[in-house]
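K.L.:
Structure below; questions to follow.
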Amino acid sequence: MSGNPTPVDKDLLVGQHTDASLDATIGDIILDQSRHNEPQVKTPIKGLMSSPWQIMFGIGFLLVNVLLLSITMLIWNGIGVWGNNQPVGWGFDIVNFVWWIGIGHAGTLISAVLLLLRQRWRNSINRMAEAMTIFAVMCAGLYPLLHTGRPWVAYWLFPYPNWLGMWPQFRSPLVWDVFAVSTYMTVSILFWFVGLIPDFATLRDRAKSKFAQFAFAGLSMGWRGSAKHWHRYEHASIMLAGISTPLVLSVHTIVSFDFAMGIVPGWNVTIFPPYFVAGAVFAGFAMVITFAIPLRKIYKLEGLITMKHFDWMAKVMLATGLIVFYGYIMEVFYAYYSGVPFETALLHNRIALKDAPYSWAFWTLILTNGVIPQLMWVPKFRQNMTVLLIVSTSISIGMWFERYVIIPISLTRDYVPGAFGFYSPTLWDFGMFLGTIGLFIFLMFLFVRFLPMINIFEMKELLHQKTHDHGHDEDHASGQPEEVLS
Amino acid sequence: MGKSNEEKTGASPKFYKGLEQYEAPELVESWAEDEFPDRKSLASGVDRRDVLKMIGGAALTAALTGCRFQAPRKIVPFVQQPEGAIAGTRKHYATCAFKDGYALAVVADQVDGRPVRIDGNPLHPSTMGGLDSQTMAEILNLYDPDRLQSPRHLNSPISWIDSILKIEEALNQAGNGAGIAVLSETVNSPTLARLGAEMKKKYPGMRWFQYEPAHRDNQREGSMLATGSDQISVYNFGEADVIVSIDADPVMRGPASLNYARQIGSRRIPDANGNGMSRIYAFESHPNAFGITADHRRRIKPSQTLALVQAIASQLGFGGSAAVPQGVDAKAVETAVKDLRANMGRGVLIAGAHLPPQVHAAVMALNSAMGSVGIGKPVEYRANPNPMPTNHAKDLESLVTSMTSGQVSILLILGGNPVYKAPADLKFAEALGKVPLKVHLAMHDDETGYLCDYQLPMSHFLEAWGDGKSYFGSTVIGQPLVDPLYDTKSAIEFLAAINGNPSDARSLVRATYTMSSPNGNWKSLLAKGFYESISQVFELSSRTASEGAVNVSVLNSLAPISAQGMELLVLPDPTIHDGRHSNNMWLQETPKVITNLTWDNALLVSLATAEKLGVKAPYDKRLLGVPYYGKADMVTVSVNGASLEVPVWVNLGQADDVLVLHMGYGRTRAGDFGTKKGEKAGGGFNANLLRTAANPTWMSGVEVKKTGNEYVLANVQHHNTIDYKKEDRDREILKETTPALLAAGKPFGEEHGGGHGGGHGEGHGAEDPGFNEFGKGKDISMYPGLDFEKNPEKNYQWAMTIDLSLCTGCNACVTACQAENNIPVVGKPAVQRGREMHWIRVDRYYKGDGHHLDMDNPPIYVQPVTCMHCEQAPCEPVCPVAATVHSHEGLNQMVYNRCVGTRYCSNNCPYKVRRYNFFHFSQRADNVPVLKMLQNPDVTVRYRGVMEKCTYCVQRINHARVEAKREDREIRDGEIKTACQVACPSGAIVFGDMRKKENAVAQTREDARNYMMLEELNTRPRTSYLSRIRNPHPEMEA
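For the protein sequence lines, the chains are A and B, in the order given. Residue 10 is where the first sequence starts when you use the working numbering, and the numbers rise one by one after that. Residue 3 is where the second sequence starts when you use the working numbering, and the numbers rise one by one after that.
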C-alpha cells in the first residue's frame, strides 16, 4: 500500500472504546450465548415470551420448512405447480433469482471495491454485508437450479467430460450465468472466510468453553497474529479484492444478458448491464440497512454502526437509485423514440392505466423505487432510523417489482397478439419466495449468533487510527496494529 | 432307484424288458437312475446363450399372448412373414366413417395391427382427402378407456349368447311384432336397412324410428314444401360465382362440408388479372367458419332469414314485395342482389340447417328461379340417398307417445343416447320406464344405457364391417382395421344375430352388394373404399341430378316466421357435436372455432346484448384489479317453461338479441372427460334441457336473467384484438389484399402495397433482400452464413406455406397434429393457465381501422400458427444445453432427451409456438394400457419438464427418406405431406422441398402474396403465409 490512507472520520466509531472493549462488544455476542435470549419481549402469541433473536430465528425456521415443502411439491409434480405458462416461461422463479443476486451485491462492493478505494467506513458493516452476499447468492442459486423442468439433469449446464461428448451451448446466456454466479459465490466465500480468520483467532483466545476453543481454533487455521501472518493476510485480501471487483460488475451484467440477449421487447435493451448493476448495488445497500437497523438495536452496537455509516449508505442508495431511475426514463424514451411498434406497444402495456393489465406493477415500481428513495436527499432523513427502514424496505419491494415488470410482464405480450397471455403466480410461487426469504433470515441469525458480525480486528485498526490520528499515520500505513494481540 | 439297486445286487433277472437290458444293462441302469432321461442330451448343448434365447423366446411368447388387439386365431408367430407385413410400417385401409347421418370415405392407418390414424380418402368426393376434427378424433373413441366392454344385464355381466337368446325369445313372444320398436340414429347403411327390412318381414308390426339431434328435418320439410319430396341440395361451389349464405356454415357443418370447403377454396384465389374469384355474402346470426371467410358478412336474426330470402327474391324480380328486414344492412342486400343478377345462374343461396323449413323451401325455390339448379350449375337437387329418410323429430315424438301409452314392449336402441339427447319436454326417460324390455347397444355406459335392461357394447366403425351412403350418392364400404378390442358387436351384427342369422358382418355387408352386380371385384372395391368406380363417384354429381319439380311460387306463399323477444339457437357443438364425442379429450380441448373456448359450452351473445343483460364481457372481469380472464357472469335462460343457468361469453359479430348455446355438454354419465364436473374440470351445461320437440334448434321469446353467479371458462386465446390500437395495427402479422390490388401488384393491400420492407410489391422473392429467398438475396447479416447454406444443393430444404385465403379456422389441423404427434391433453385448469400443448394453433383476430373496432360486427380473421422453422431461430442460441438445434435440411429440431427445461427458448420465440410439459401430461397415455395403443410409434412421447413443438412431421420426412434411399432416388415433391396438410379440408397448407423451383412449395413461396410473419426480426422463417384475399363488391366496404 502506498499513499496516504483516507483520514479517519471520527464519527465512524462512537464512544469510549479500547481494544478489549471492542473484543467484548463484538466477541461476547458469540461467546456469551445467553445474550441471544434477552431481552424477553411479549410475542403476539399469548403468554409466550421470547427474545428478538428467538422470534426472528423462529420465523426463519418456519419459512425454511415452507421452502422445503415448496421444493418437494415442485420436484414431485413439476414446474406446473408454479404460475408459469405459455407465453410466460419465466415468472417468480427468475424474478426472485435476479432479486436475490441483486441483494448479494452490496457485500462484495463494500468489502472489495471500498477496500480498494480505502473507504474506512466500510469496516463495521462489511462482515455483515459479505454474509448477506453469500446467503443471498445461496437463495438465488436455488432458482436457476429448480426452475429447470428436470433439475436432476441441471448439471448438464456445467462443462464436464462425458461420454456424449456434449458441451454446454456456450452461446446461451444461461451458461454464462452458471459461470458468473458460481465464480461469484466461490470468491465471496473465500473472501469472507479469509477476513474471518483473525477474528476466529480472537474468539479462540477469548473463548471459555472447551468446545468453542476447539471450534474456533480449527477455524482460525493456526493464526497467531505474527507479522508474517499479517503480511500474507494483507496480500490475500488485496488480491481477493482485486478479483472480486470485476465480479461486482460482471455478475449482474451477465444476469442482465439473460434478458438483453433475448428478442423479447422489453428485454432486448442495451442499457441493461449498467442499469442492472446499479440496481443491484441499490438493492444490496437497502438490504444491509434493513438488517443493520434492528441488529444494531438488539445487540447495542450503536457505537460501532454509527449514524455516519447510515448516512454514507443512504447516499450510495440515492446515487445508485438515480442511475436506476435514469434507466426507467431511458426505457420509456427509446420505446417511444425507436418507433418500433412492438416496443411502443410494450411501453403502452407497461404504463397505460386503462388497457394495461399490469400497469399497477409498473407504478408500484416507480413509487417504491423512484419516488420514495428521493427522501434520501434530506440529511435528516438519512439519520432517521424509521425513515431509513421505510425507504430501504420500499427499495427492496421496488427492486422486486422492477424484475417483475421486466420479466413476466414483457413476456405476456410480445410479438404475436394471438399468443398473448396473462401471468398469475400460485401459492407455491409465494411459498418458494417466502421460503428463500426465510432461508435468508435463518442463515443471517445463525450467523449473528455464531460468527462475529462486525470485523473485530478492523475495528481495532480503526480505533488505533482514530486514537493515533495525530500525524503518525505513516507508521501504521500498512495497518496492522501490533497491540491488536490480546 | 432303490429297486434298481436291489435288482443289481440281487439274483439275475430272468425276464428282460428288452434287448438293451440284456446287451447293455449299465445303460439301462443309468436310465433308471436318471429322473429325466432326455435332459442329458439337452444339457450337453445348452449354454448361457441358449438359456437367454429361451428366456427371450418365452418372454416374447408371453408378450404376444398378452396382446388383446389381435384375435386369438391370428396370433401366429411369423414363421413365414406374410407378404407386405413389415413390423413398424404403416398400412392404409380405405373404410367408412360417418358425419351427420351420411358416410365419409376415409383412409385409416394401421401399424403392427393397431389403427393409429384416420385421414380423408382423396379418391372420394365426400372428403377429397381432407378431414374434420371429429372424424379424425374417432381414433381416440376407439381406444376410449371408458368404453362399454362386455354385455350387461341389469348391471350384472352376461354373455352375448345369453343376451341374444333372451332378446330373441322376447321378440318371438311379441307375435307379429306390434310391440317391437327400434330406435337408431340416422340409418345410413344399406346393409342395416336391408336387415331391418328382413326383420320387418318376420315381425310385420315392428316399427323403426330414427333420431339424432343433428338431423336434417328442416331441410327435409323445406324440400317437401318446395318440391313435394325429400330432396337434398348438393352444391357445386366450384361453379358458383356468388354465394349468399343464409346463416349457413357449409365448410364446417353438415355431411358435405369437407367437399364444400375444398370447392369453395378452389374459387378463392383469382387469376393474374384478378378474375375468377367467387364472392361470398354471409348473413349470419353468429360468426362461423364460413362467415369469416366471406367477403361481406352481415348480421341477421334467425327469424328474419325468411324475409331476407323473400326480399332478395322480390328485388330479383321473382314476385312478392318483401322488404329487407329491419336491422339488416339493406345496402348489403342490394349489392348481393346486384351481384346475383349480374351472375344469373351462377349465383346460389344456402341456408343453415337450424333454420325453419320455410327458409329452406324459399332458398330452394329461389335457386331454382335463378336458374342455378342443375347439372354443371351451382346446386343440384337429388333424391336423398339414405335408405330410410324420415323426420327425426316426428319419429321421436311418436315413439315417445307409443312408449308412454304402453304400446312398446321391446325397445331396441341401436346407438345413440336419446335419454340425454332428446328434447327435454318429451320426457324420454320417463317414457322409457314404461317399456318392459329395453335394450341399448352403444359404445358407452351412458345416460340411456343406465336406464336400460340390456347394455350391449357396440363396436367402433374401425372394428366392424359396415357400409354407408355418402351425401354425394355413392356407397362407401367400411372394413375393419382391427378385431374388436372388447366383446362388442356392430349394429349390423346385432340385428342379424337377433334375427337368427349369426353370420359374420363381412358376409352380411357383402351380401348387400351381391344382390346388385358388384362394380369390379370385391378386393379392388375394398382397396378404394367405395362401390362405384373412381370416375363414377365424381360423375355422380351430374349423372343422377334431377332438377326436381320446384314450385317457385312457393316463395311468396310460405308461412312467415313469427318471433318475439330474444331468439335462442341450440346447435351441435363445433367439437364434441351432439355429445357423441363428450368423452373425447382431444375434442374437448380443441378450441371451438372463433370463440376458442374449451371444455365447456357457454351462452354466446353479442356485446350489445351482454350490456343489455348487465353482463360483463370476460375481458372486463377483474380480481383485485388484475384481469381474471375467462371469468363469466351466469344467467338463467328460460324458454317454454324450461330454464337453465349458463355462463355468458361475448362473441363479437353475433346478431343482437340472439343467443347461441351448443349441445353435447352437461352430461351426467359420459366417462372421465365427458361427465360434467363443474367449474374446475369443465363439462358445461345441458342445452337439451331447453329444447322442445316443436322447436328443437331455434326458439324465440327467450327470457334471460343475470343470476349473480360466476363461472370460469377456459379459453386458449386471451387477447382479443389486432388492428385495433395503433400499436397493434403496426404489427404486420396478417396481411390481406383484394383481387384488383393483387392484379395491380399490391399483394398486401393498399396500405403496404409498394414500399414496405424493401418493396415486396412485385416480383419480390429473388430481388427482395428482406425475403432471403434461399441462396439468393443480399446478405444482410454481418455473421457468416449458416451451416445449411454452405451446401444448399446437397440437402433437401423443407418449407411450408399456409394460404390465409383458404383457411377457414376449422381446427382440423389441430386435431390432425394431436393425433400424429402424440400430443397430450392438459385439462381445463391447465388451459386456463395457458398451458395447452397444441403444436399448431389457430389465432383469431378482429380487425378495426386503427382507432376503432366495430364491436358489433368486426371483420374476423384466422391464422394458423405453428413452428416457423426459422433459418436463424432465436430459440437455438439461448438453449444452454444445445437441446434445440438446426438440421442441415433447415429443420429446427428439438432433442427431448437433452432438454433440461429452462423454457428460455420459448421466451425467446417471437411466435410463441413452443410448448412445455409443465406436468407429466403424457401420464394418462403412459398409464392407461389401451391408450398406449393409440400412440404413434414413430413419435416420442415426451416427459415432464421438456419443451416440444412442431417438427414438420419429421417422422414422415424420415420415412420418405428411407423409401427414397431404397429406390435410389430423391424424395419426390408431394411425397411427404405433414399431418396438418393432409387434414386441411381446403388445402391451405403446402409443404415440401423448396430447392427445386418446380416444387409446389417453391412455387407458393414465389407467389406475390407470400410473406413471412415478423419478417423484420430477420428470423427467416421457413413457414410463410400467403396473404388473404378478400373480394368485396367494388361498391361496398368489407
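Using N, Cα and C, we set each Cβ at its ideal position, and we do this for glycine too. No experiment lies behind these values; they were computed from the predicted model shown.
1) I'd like the list of long-range same chain contacts for B:Lys76, defined as Cβ closer than 6 Å, with 5 residues on each side in sequence excluded.
2) When the Cα of B:Lys1052 is compared with those of B:Leu715, B:Cys454 and B:Val637, which residue comes out closest?
3) Find the nearest neighbour of B:Gln481 within the set B:Arg196, B:Val108, B:Thr1025 and B:Leu21, judged by alpha-carbon distance.
4) Would you call the CB atoms of A:Val400 and A:Phe371 closer than 8 Å?
5) In whole angstroms, what is the alpha-carbon distance linking A:Leu57 and A:Met65?
6) Using the beta-carbon of each residue, which ones in chain A are nearer than 7 Å to B:Lys618?
7) Just by C-beta distance, which residues in the region 246–267 of chain A are closer than 9 Å to chain B?
8) Given that A:Asp423 touches chain B, what residues does it touch there, using C-beta distances under 8 Å?
9) Are the region 60–79 of chain A and the region 448–459 of chain A in contact at 8 Å, needing three or more beta carbon pairs?
10) Between the beta-carbon of B:Leu560 and the beta-carbon of B:Leu308, is there less than 8 Å?
11) Taking the straight line between their C-alpha atoms, what separation do you get for B:Ser492 and B:Ile141?
12) Determine the closest residue to B:Gly354 out of B:Tyr533, B:Asp659, B:Phe463 and B:Asp219, with distance taken between C-alpha atoms.
13) So B:Tyr713 is in the beta strand (DSSP E); what residue range does that whole segment cover?
14) If we ignore side chains and look at the alpha-carbon of each, how far apart do B:Asn123 and B:Thr477 end up?
15) Would A:Gly92 and A:Pro434 be called neighbours here (beta carbons separated by less than 8 Å)?
16) For A:Trp165, which residues in chain B fall below 7 Å Cβ to Cβ?
17) Return the CA-CA distance between B:Arg971 and B:Gln1005, expressed in angstroms with no decimal places.
18) Would you check whether the ligand ADP has a heavy atom nearer than 7 Å to the C-beta of B:Gly267?
19) Under a Cβ-count criterion, where at least 16 other Cβ atoms within 10 Å of its own Cβ denotes burial, should B:Pro74 be classed as buried or exposed?
20) Determine contact between the region 147–165 of chain B and the region 267–285 of chain B, defined as no fewer than three beta-carbon pairs at a distance below 8 Å.
21) By a C-beta neighbour count over all protein chains shown, 10 Å radius and 16 as the cutoff for buried, is B:Lys411 buried or exposed?
22) Please tell me whether B:Pro359 and B:Glu223 are closer than 8 Å, where the distance is taken between their beta carbons.
23) Taking B:Leu413 as part of the beta strand (DSSP E), name the residues at either end of that continuous run.
24) With a cut-off of 8 Å, does the C-beta of B:His922 fall near any C-beta of chain A?
25) Using a Cβ cut-off of 8 Å (strictly closer), state whether A:Ile302 contacts chain B.
26) Which residue comes first and which comes last in the alpha helix (DSSP H) that contains A:Ser498?
27) Go to A:Arg391, then tell me how far its alpha helix (DSSP H) extends in each direction, as first and last residue.
28) For the region 843–914 of chain B, list the beta strand (DSSP E) runs that are entirely contained and at least 3 residues long, ordered along the chain.
29) Would you report the Cα separation of A:Thr421 and A:Leu76, rounded to the nearest angstrom?
30) Quick check on the burial criterion: 16 or more other C-beta atoms within 10 angstroms. Buried or exposed for B:Arg1030?
31) Evaluate A:Phe179 with the Cβ neighbour count: other Cβ atoms within 10 Å of its Cβ, from every protein chain shown; 16 or more gives buried, anything less gives exposed.
32) Is it the case that the Cβ atoms of B:Met870 and B:Pro215 are separated by a distance below 8 Å?
33) For a test of the three-state rule: what should DSSP assign to B:Asn558, helix, strand or coil?
34) If contact means a Cβ-Cβ distance below 8 Å, which residues of the region 367–396 of chain A contact chain B?
35) Could you tell me which residues DSSP puts in a beta bridge with B:Asn717?
36) In or out: A:Trp386 buried (at least 16 other Cβ within 10 Å) or exposed?
P.N.:
If we stick to the structure as given:
1) Confidence is the limiting factor: at B:Lys76 the pLDDT is only 49, short of 50, which leaves the residue's position unreliable, though a coordinate-based value still follows. Cβ within range, chain order: n/a, list empty.
2) Residue 1052 of chain B cannot be examined here, being either before or after the span of chain B that is shown, 3 to 1040.
3) B:Val108
4) no
5) 14 Å
6) Within 7 Å Cβ-Cβ: nothing; B:Lys618 doesn't reach chain A, min ~15 Å.
7) Asp267
8) Per Cβ cutoff of 8 Å: Pro912 and Lys914.
9) Look at the beta carbons and you see the region 60–79 of chain A touching the region 448–459 of chain A: at least three pairs across the two are nearer than 8 Å.
10) yes
11) 16 Å
12) Of the listed residues, the one whose Cα sits closest to B:Gly354 is B:Asp219.
13) Trp700 to Val714
14) One C-alpha to the other measures close to 13 Å.
15) yes
16) Val883 and Val902
17) 22 Å
18) Inclusion of the ligand ADP in the displayed structure is not the case, the ligand content being empty and no account of it being possible.
19) Residue placement at B:Pro74 is flagged as unreliable, the pLDDT there being 48, under the threshold of 50; the coordinate-derived value follows with that caveat. With fewer than 16 Cβ atoms within 10 Å of its Cβ, B:Pro74 is classed as exposed.
20) no
21) Sequence check: residue 411 of chain B is Ser here, not Lys. With 16 or more other Cβ atoms within 10 Å, it is buried.
22) yes
23) Note, B:Leu413: beta strand (DSSP E), Ile412 to Leu416.
24) yes
25) For A:Ile302, no CB of chain B lies under 8 Å from its own CB, so it is not counted at the interface with that chain.
26) There is simply no residue 498 of chain A to check, as chain A begins at 10 and stops at 495 in what is shown.
27) Where A:Arg391 is concerned, the enclosing alpha helix (DSSP H) stretches over Pro388 to Arg391.
28) 843–849, 862–867, 886–888 and 894–896
29) 27 Å
30) buried
31) exposed
32) no
33) helix
34) Tyr367 and Trp369
35) B:Leu599
36) exposed
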